[in-house]
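Participant:
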Amino acid sequence: MSETQVPSDSSDDVEVRDVIDPTSVRRAPRYKAFFWTGALVGIVLGLSLSLYLVNSPSGAAMMKPGVYVTVLTAFVTMVTTLLAGLFAVIADRRSLRGR
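Residue numbers for the sequence shown, in our numbering: 20 to 118.
1. Looking only at its own chain, which residues have a Cβ that is under 7 Å from the Cβ of ASP111, when we skip the five neighbours before and after it?
2. Within 10 angstroms of the Cβ of ALA107, are there 16 or more other Cβ atoms? Answer buried if so, exposed if not.
3. Which term fits GLY85, buried or exposed, when burial requires 16 or more other beta carbons within 10 angstroms of its beta carbon?
4. List the whole-angstrom C-beta distance separating GLY61 from THR99, where the pair is believed to meet the contact cut-off of C-beta under 8 Å.
5. Pull up the distance between the alpha-carbon of TRP55 and that of THR92, whole angstroms please.
6. State the DSSP-derived secondary structure class of VAL33, mapped to helix, strand or coil.
7. Would LEU102 pass as a contact of GLY65 if the rule is Cβ separation under 8 Å?
8. If you drop the 5 nearest sequence neighbours on each side, which residues of the same chain put their C-beta closer than 7 Å to that of PHE53?
9. Can the beta-carbon of VAL73 be found closer than 8 Å to that of MET81?
10. Taking a contact to mean a Cβ-Cβ separation below 8 Å, would you say SER69 touches TYR87 in this structure?
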């Protein structure tokens, strides 16, 4: 029997729809995806905001602009990651609402 042939005796195979009731399946959010999305959005937002502030006329007096870019980017990334986690918790609570 070659690898592409399927044995004709498949009495042990069961359809998922026959075993699982769709009304009992809980659709929980994937927290990892929420956190990664929040972190990536935070990095992009933090870098763009900090680079804009460093290059503005009021940012010309900064002694070490790299420090400001780093700190502001880290802060914005932390805030957006926490907000993404909050959205994940809210989505999780909404998935439990109908039960």
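Heads up, the beta-carbon is just placed ideally off N, CA and C, and yes, glycines get one too. Remember, predicted model here, so these are calculated numbers, not experimental data.
Facilitator: So, from the data block:
1. Excluding positions up to five away in sequence, the list reads ALA47 and PRO48.
2. A residue is called buried once 16 or more other Cβ atoms fall within 10 Å of its Cβ, and ALA107 is buried on that count.
3. Exposed: under 16 other Cβ atoms inside 10 Å.
4. Yes, GLY61 and THR99 are in contact; Cβ-Cβ is about 3 Å, under 8 Å.
5. If I take the Cα positions, the gap works out to 15 Å.
6. Note: VAL33 maps to coil in three-state DSSP.
7. No, the Cβ-Cβ distance between LEU102 and GLY65 is not below 8 Å.
8. Within the same chain, PHE53 has close Cβ partners ALA103, GLY104, PHE106 and ALA107.
9. Taking 8 Å as the Cβ cut-off, VAL73 and MET81 qualify as a contacting pair.
10. The answer is yes: Cβ separation under 8 Å.
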